[in-house]
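K.L.:
Below are the structure tokens for one structure; questions will follow.
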Amino acid sequence: SSATKSSAVAHRVTAKGNNVPEAVDSFEAMDGIPSRIMANLKTSGYKEPTSVQASCVPILLQGRDLAAISPTGTGKTLAYLLPIFSKLVAPAASQSVDAGVGVRAVVVVPTRELAHQIHNECLKLAQGRKWKIVLFSKATANSLSQKGARDKVDIIISTPLRLVAALQEGIIELNNVRHLVLDEADRMLDSEFMSQIEEIVASCTRADVQKMLFSATLPAGAEKIAMAMLQDPVRIVVGLKDT
Ligand code: ADP
Ligand code: MG
């Protein structure tokens, strides 16, 4: 029972879902990006959103679950990092309103190398404030374990195996996670990573956790699993429509 509509914004974008927010083709016109984050976009040389960003950022800023399929190199990383930073507003450690303890956002990717790249993108948006962004590794897991799982961590970027190991060792908890991203989802769903992904999703226990999947492709098997994982999702396809 979902409505289909095609965006007219100069790109071939197909959006599917209930009450899909409109694409917005400038960062300035996007509702809810704090001025510091906006300034960091400019400093990083990001002048205009790519098509996946124009369509996905407004959806994510409204807190919706999302599955987005867009070719490699189209800027999927910023499409989810920009709304996450915007929704978190400021580092948890600096907020007067109690942001709670523990991890507030998690990005799961299939490889260490990708985790590194995403961490670098995070640092661009984080400029000027003391965001606690953790590229998860054995070393960072050990340092978290010494301080206990009660630290205020804004964003963790991890591979599925590393994150599940930390969960099983009791080094971290995900019960304060508000945003969960599965990037390159096609390589993790319907694959040998599936049981780890299930454990990670189940560990994010907040009822209002926003789940999002990004991928260059999403084969039927993975898509079915993805859609079952999301609540009232929007599905965005950029470029060639998958068949
Ligand atoms: P994908 O995950 O879709 O493969 P990436 O997120 O890795 O794409 O982005 C690809 C490249 O495009 C990166 O070098 C990134 O810095 C750049 N990029 C992303 N968004 C923009 C933008 N709005 N304007 C200019 N460059 C951008
Ligand atoms: Mg990517």
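FYI, the numbering for the sequence shown is 97 to 339, going by full-length UniProt numbering.
Beta carbons are placed, not taken as given, at the ideal position from N, Cα and C, and that holds for glycine.
(1) What separation, rounded to the nearest whole angstrom, lies between the Cα atoms of G171 and K226?
(2) So what does DSSP say about D304, is it helix, strand or coil?
(3) Should H275 be labelled buried (16 or more other beta-carbon atoms within 10 Å of its own) or exposed?
(4) Please determine, among S140, L157, S131 and A164, the residue with the shortest C-alpha to C-alpha distance to S147.
(5) Would the region 120-136 and the region 282-299 be scored as touching if the rule is three or more Cβ pairs under 8 Å?
(6) Note the first and the last residue of the continuous alpha helix (DSSP H) segment covering R283.
(7) So for S311, helix, strand or coil by DSSP?
(8) For A318 and K234, I'd like the C-alpha separation in whole angstroms.
(9) Here's the rule I'm using: 16 or more other beta-carbon atoms within 10 Å means buried, otherwise exposed. How should A104 be labelled?
(10) Just to confirm, are V204 and L259 a CB contact at a threshold of 8 Å?
(11) Based on DSSP bridge pairs, tell me the residues matched to I229.
(12) Taking the C-alpha atoms as reference points, what is the distance between T110 and V249?
(13) I251 and I180: beta carbons closer than 8 Å?
(14) The ligand ADP heavy atoms versus the CB of G266: any closer than 7 Å?
(15) Taking a contact to mean a Cβ-Cβ separation below 8 Å, would you say L314 touches A281 in this structure?
(16) If you measure between the beta carbons of N272 and V330, is that distance less than 8 Å?
(17) In three-state terms, what does DSSP make of A163?
(18) Verify the contact flag: K183, CB atom, against every heavy atom of the ligand ADP, threshold strictly below 7 Å.
(19) From what residue to what residue does the alpha helix (DSSP H) around I268 run?
(20) Considering only heavy atoms of the ligand MG, list every residue whose Cβ is less than 6 Å from one of them, following chain order.
(21) On a Cα-Cα basis, can you pick out the residue from I321, L178, Q223 and V277 that is closest to M290?
(22) Report yes if the CB atom of P206 is closer than 8 Å to the CB atom of T255, and no otherwise.
P.N.:
So, to answer that:
(1) 25 Å
(2) coil
(3) buried
(4) A164
(5) no
(6) From DSSP, R283 is part of no alpha helix (DSSP H); its letter is neither H nor E.
(7) strand
(8) 29 Å
(9) At A104, the pLDDT of 38 sits below 50, so the modelled position is not reliable; the number obtained from the coordinates is stated separately. Burial call: exposed.
(10) yes
(11) I251
(12) 35 Å
(13) yes
(14) no
(15) yes
(16) no
(17) strand
(18) no
(19) No alpha helix (DSSP H) contains I268, which DSSP labels as neither H nor E.
(20) K172, T173 and D279
(21) I321
(22) yes
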